[in-house]
Amino acid sequence: MGKLDNKVAIITGGASGIGRKTALLFAEEGANVVITDMDESKGEQVLEEIKAINTKTLFIKHDVSQENDWKSVVSQSTNKFQHVDILFNNAGIYIIKPIPEIDLETWNKLMNINVTGVFLGLKHVLPVMEKNRAGSVINACSTAGLRGYEGHLLYGASKGAVRSMTKNAAAEYASKGIRINSIHPDYITTAMTDYASEVTHRSKREMNTSNPLGRMGDPKEVAKSVLFLASDDSSFSTGAEFIIDGGTTSLL
Ligand SMILES: NC(=O)c1ccc[n+]([C@@H]2O[C@H](COP(=O)([O-])OP(=O)(O)OC[C@H]3O[C@@H](n4cnc5c(N)ncnc54)[C@H](O)[C@@H]3O)[C@@H](O)[C@H]2O)c1
Numbered sequence: 164m165g166k167l168d169n170k171v172a173i174i175t176g177g178a179s180g181i182g183r184k185t186a187l188l189f190a191e192e193g194a195n196v197v198i199t200d201m202d203e204s205k206g207e208q209v210l211e212e213i214k215a216i217n218t219k220t221l222f223i224k225h226d227v228s229q230e231n232d233w234k235s236v237v238s239q240s241t242n243k244f245q246h247v248d249i250l251f252n253n254a255g256i257y258i259i260k261p262i263p264e265i266d267l268e269t270w271n272k273l274m275n276i277n278v279t280g281v282f283l284g285l286k287h288v289l290p291v292m293e294k295n296r297a298g299s300v301i302n303a304c305s306t307a308g309l310r311g312y313e314g315h316l317l318y319g320a321s322k323g324a325v326r327s328m329t330k331n332a333a334a335e336y337a338s339k340g341i342r343i344n345s346i347h348p349d350y351i352t353t354a355m356t357d358y359a360s361e362v363t364h365r366s367k368r369e370m371n372t373s374n375p376l377g378r379m380g381d382p383k384e385v386a387k388s389v390l391f392l393a394s395d396d397s398s399f400s401t402g403a404e405f406i407i408d409g410g411t412t413s414l415l
């Protein structure tokens, strides 16, 4: 018996990195997974990987910043599976830039994906969960939503907003049986840390030694924390910040 038997989970940004690993783990735990992503070809690849574990799955091309796309994701998911029990608001982009170099177009682009995308997910999925008076939402935040880093004003502002939306949504939906928590990873080995290494001219070795555990996290380690928050194992947690950072913020 899996921890998510008969649950339906929507995972945004499920085509790669943390989203992909979470989709695979959820399928292993018995969930019917709806993977959404902008990247259709990678999304179709993950769909095939999941079908090898659990055939009840769906890929939907989705830009999280577009409200009509969210309406379509919700209607396709409920048409196929009738209910939605878990939402992992995971899709996001990462931009590191000194403050004077952040133009308004870049600011709006990142905010539309990282902040508006999460808001739209909450707006369109919470009413579906409310019908069953049950559900778990996990929002991908970051240690950048908890502390400062050089060059992280824009990304950190977006994750600070996600942290705050998590707590406000949790307060509004607790009485409706829905729990909403955020996860706060530090460096995890995905395309995002390749980008960070390139932009900051820091070697992977240097990045590995930036936390007490002395290594970057694996996406599977984040997926396991998301599974905990998605499942009934975390039944008394809502509005909480789940830190997965190798000890980085313990040094603050
Ligand atoms: N990797 C890290 O070190 C790290 C640390 C802290 C937080 N996070 C957060 O975890 C989440 C996942 O990051 P990751 O490391 O797996 O990154 P990733 O780049 O591997 O995956 C992100 C996925 O989101 C998709 N995506 C981008 N824009 C989208 C949009 N508008 N609509 C739908 N999908 C879109 C991409 O196509 C990609 O598949 C992000 O929210 C990120 O900010 C990552």
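Numbered according to the numbering used here, the sequence shown terminates at residue 415, and the numbering increases by one at each position without gaps. Note that beta-carbon positions come from the ideal geometry of N, C-alpha and C, so glycine has one too.
Could you check where the beta strand (DSSP E) with residue i kicks off and where it finishes?
i: P348; result: I341 to P348
i: N252; result: I249 to N252
Say the cut is 6 Å; is the CB of residue i nearer than that to a heavy atom of ligand 1?
i: N253; result: yes
i: Y358; result: no
i: I351; result: yes
i: S240; result: no
i: S305; result: yes
i: A227; result: With the sequence shown as reference, residue 227 is identified as Val, and Ala is not the correct amino acid for it. It does: the Cβ of V227 is within 6 Å (strictly closer) of some heavy atom of ligand 1.
i: P348; result: yes
i: S388; result: no
i: A354; result: yes
i: S413; result: no
i: G409; result: no
i: I256; result: yes
i: I249; result: no
i: D200; result: yes
i: S299; result: no
i: G284; result: no
i: A186; result: no
i: H181; result: As written in the sequence, residue 181 is Ile, which differs from the His given in the question. Yes, ligand 1 has a heavy atom inside 6 Å of this Cβ.
i: A320; result: no
i: G323; result: no
i: G377; result: no
What residue from the options has the CA that sits closest to residue i's CA?
i: K243; options: T356, V171 and S345; result: V171
i: L250; options: E293, Q229 and T412; result: E293
i: S104; options: T411, S360, F399 and G206; result: The chain is shown only over 164 to 415; residue 104 falls outside these bounds and no answer can be derived.
i: D396; options: R342, R368, A354 and K367; result: R342
i: G255; options: D226, H364, T241 and R296; result: D226
i: G182; options: I351, K272 and S360; result: I351
Determine whether the Cβ of residue i lies closer than 7 Å to any Cβ atom of chain D.
i: T352; result: Among the chains of the structure shown, chain D does not appear; only one protein chain is present.
Note down, in chain order, each residue of its chain lying with its Cβ closer than 8 Å to the Cβ of residue i, except the 5 sequence neighbours on either side.
i: K383; result: K184 and L188
i: L415; result: R310
Is residue i near ligand 2, with its Cβ less than 6 Å from a heavy atom?
i: M274; result: With respect to ligand 2, the structure offers nothing, as its ligand set consists of ligand 1.
Output needed for residue i: all residues of its chain with C-beta closer than 7 Å, excluding positions within five of it in sequence on either side, in chain order.
i: Y358; result: Y257
i: S394; result: K166 and L167
i: I407; result: I346, H347, P348, G380, E384, V385 and S388
i: A307; result: H315, Y318, G319 and K322
i: N295; result: H246
i: M274; result: S321
Could you pull the start and end residues of the alpha helix (DSSP H) that residue i belongs to?
i: V291; result: G280 to N295
i: S299; result: First-last for S299: G298 to A303, but that is the beta strand (DSSP E), not the alpha helix (DSSP H).
i: K367; result: K367 to N371
i: I213; result: E203 to K214
i: A386; result: P382 to A393
Please return the same chain residues whose Cβ sits closer than 6 Å to the Cβ of residue i, not counting the five positions on each side in sequence.
i: D248; result: K170, V171 and G298
i: K330; result: G402
i: V362; result: I259
Original post:
Is it true that the segment 331–342 meets the segment 305–314, where meeting means three or more beta-carbon pairs spaced less than 8 Å apart?
Top reply: no
Original post:
Given 8 Å as the limit, is there contact between the segment 209–218 and the segment 279–293, that is, 3 or more CB pairs closer than that?
Top reply: no
Original post:
Counting pairs of beta carbons, one from the segment 216–224 and one from the segment 271–280, are three or more of them closer than 8 Å?
Top reply: no
Subject >> the segment 194–205 contacting the segment 225–236, beta-carbon criterion three pairs below 8 Å >> reply: yes
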